[in-house]
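When you read off a place in the sequence shown, starting at 1, and then add 23, the result is the number in this note's numbering. The structure under discussion appears below in the form of structure tokens.
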Amino acid sequence: MIRKMVRRELLRLVRPQHGGEVWKHNPTLIDFSCNLNPFGPPEETLKIIQQNLDYITNYPDDHCTHLKSTLSDYLDVPLGNIIVGCGSTELIKAFAEAFVRPNDHIIVCSPTYDEYAFYCQFMGGVVDRVPLREDKEFCLETDSLFELVNGGARAVFLCNPNNPTSRFENKNKILEVVEECESRNILVFIDEAFIDFLREGKSSSCVSEVQNHDNLFVSRSLTKIFSIPGIRVGYGVGGEEIVKYMDKARLSWNVGTLEQALACGLVGACHSYLERTVRFVETEKRRIYEKLSRIMGYQPVRPDANFIFVKIKELGVSSTDFKNIMLTYGFLIRDCSSFGEAFSNYIRIAIKKSEQNASLLEKLKAVSEEILSSGRKEFEAPERSISKC
């Protein structure tokens, strides 16, 4: 009986998969599946939370007034262009609820973050995909994108740097898309969740362009750069009309008291922490990429962000099986088969602390040698019990 009452869009949907499932396996695993700052939260984090514990007996400010003011000063953007969400993923949902109608066409890349397609399909939208090709190093081909744009669409979603490929498109290319879409009354949603890990992140961000393009919305995450995934807070910057209607679609009291206080305390106040992070990621991603490129069986894609997309087809095992093999050795990696059948031989690994990265590289080398020497079909990982929390 209940099934007959459910919206048909929901019946067809499967929830997107994500990394960070340490809770599902063993809390002692080294988690390379989640793309967080390897240094952990800034040292100010605990102090800010403790200072604001007394306020959890009150409802949070529904309009995030102080946080918006802090963001406005930090970004040099008017208050009316800013919205705050329970993580940047809530803003994807609010955007879809505000603007996507049944049978509207939505353009996304493939592979990319699955939540764009999920929430647009939830609203009845039709998702068209622009393939990111291996022979083009997974860079965006605007000609392919514009072919779909020319056919008409409600919105284009771009993740920059892209998850899971870790490729970053320069600002001029992104603005070319924004301007072409603007001429056709198409909205553009840019997800910059990982841009703070890039040396050129601030100068290459599209946040500064929202007042020049009414069709542009840019989302940002505080979860990744400050390594606080358990504190759900993100923000977006867009044209005033876009923000106004998204604000109507969001949940009431969507950002908790502690989340608002912590975000206010961290944004714009952790310069040395952020600089150290960028320097470390810049060096370490290059080192891991070069070392991994020299190990038989792995074909890493040159990374721009704080994670690396790796093809493992030469090993002759699926990414799902490979993930399970690595679990037996105490490492959790991201199986990328959830991004589509074409990526069932790809994994994603995050940049972590140097000693953890070294341990992973050592085990990846050992596993590759074992698989290739024993034969792909015959290889079985040693049995090892993995307790659940």
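Note that CB positions come from ideal geometry on N, CA and C, so glycine has one too.
Query, Result
"Which runs of the alpha helix (DSSP H) fall wholly inside the region 156 to 210 and span at least 4 residues, in chain order?", "165 to 173 and 194 to 205"
"Going by alpha carbons, who is nearest to Cys204 out of Ala178, Ser228 and Pro184?", "Ala178"
"Looking at Ala381: is its Cβ nearer than 7 angstroms to the Cβ of Tyr268?", "no"
"Answer with buried or exposed for Asp54, where buried requires no fewer than 16 other C-beta atoms within 10 angstroms of its C-beta.", "buried"
"Straight-line CA distance for Ile106 to Asp270?", "7 angstroms"
"In chain order, what are the residue ranges of uninterrupted alpha helix (DSSP H) at least 4 long that sit wholly in the region 40 to 108?", "67 to 74 and 88 to 98"
"Give me the residue from Leu350, Leu94 and Val333 with the minimum Cα distance to Lys314.", "Val333"
"What is the DSSP secondary structure of Leu274, counted as helix, strand or coil?", "coil"
"DSSP three-state label for Ile254, please.", "coil"
"Going by DSSP, what residue range makes up the beta strand (DSSP E) through Leu239?", "Leu239 to Ser244"
"Arg317 lies in the beta strand (DSSP E); which residues open and close that run?", "Careful: Arg317 lies outside any beta strand (DSSP E) and carries neither H nor E."
"Could you check the C-alpha separation between Val340 and Ala389 for me, to the nearest Å?", "15 angstroms"
"For Tyr82, count neighbouring C-beta atoms within 10 Å of its own C-beta (all shown protein chains included) and say buried if the count is 16 or more, exposed if not.", "exposed"
"I'd like to know whether the C-beta atoms of Ile130 and Leu171 end up nearer to each other than 7 angstroms.", "yes"
"Helix, strand or coil for Leu395, going by three-state DSSP, please let me know.", "helix"
"Distance check for Ile265 and Asp142, CA to CA, integer angstroms please.", "Note that residue 142 is Tyr in the sequence shown here, rather than Asp. Their Cα atoms are separated by approximately 17 angstroms."
"Evaluate Leu473 with the Cβ neighbour count: other Cβ atoms within 10 Å of its Cβ, from every protein chain shown; 16 or more gives buried, anything less gives exposed.", "Only positions 24 to 412 of the chain appear in this structure, which leaves residue 473 out of reach."
"Is it a yes or a no for the region 44 to 60 touching the region 24 to 32, going by three-plus beta-carbon pairs under 8 angstroms?", "no"
"Tell me, please, whether the region 209 to 224 touches the region 176 to 194 by the rule of three or more beta-carbon pairs shorter than 8 angstroms.", "yes"
"List the DSSP bridge partners of His294.", "None; His294 has no bridge partner."
"Rounded to whole angstroms, how far is the Cβ of Leu355 from the Cβ of Ser56, which I believe are closer than 8 angstroms?", "5 angstroms"
"Kindly indicate which residue of Pro61, Arg309 and Pro39 has the alpha-carbon position closest to the one of Gln379.", "Pro61"
"Taking the straight line between their C-alpha atoms, what separation do you get for Arg59 and Lys225?", "In the sequence under discussion, the amino acid at residue 59 is Leu, which differs from the Arg named in the question. When rounded, the distance between both Cα atoms is 18 angstroms."
"Tell me whether the beta-carbon of Leu210 lies closer than 7 angstroms to the beta-carbon of Asn238.", "yes"
"Classify Ala373 as helix, strand or coil using the three-state DSSP reduction.", "strand"
"Using the rule of at least 16 other Cβ atoms within 10 Å of the residue's Cβ for burial, across every protein chain shown, is Ile25 buried or exposed?", "exposed"
"Assign Asn368 to one of two classes, buried (16 or more other C-beta atoms within 10 Å of its C-beta) or exposed (fewer than that).", "buried"
"Would you mind working out which of Gly353, Ile254, Gly291 and Gly262 sits nearest Glu385, comparing C-alpha positions?", "Gly353"
"For the region 87 to 94 and the region 280 to 288, state whether three or more C-beta atom pairs, one from each stretch, are separated by less than 8 angstroms.", "yes"
"Mapping DSSP to helix, strand and coil, what is Ile409?", "Note that Ile409 scores 38 on pLDDT, short of 50, meaning its location in the model is unreliable and no value can be drawn from it."
"Once you ignore the five residues that flank Asp85 on each side, which residues in its own chain have a CB closer than 7 angstroms to its CB?", "Ser275 and Trp276"
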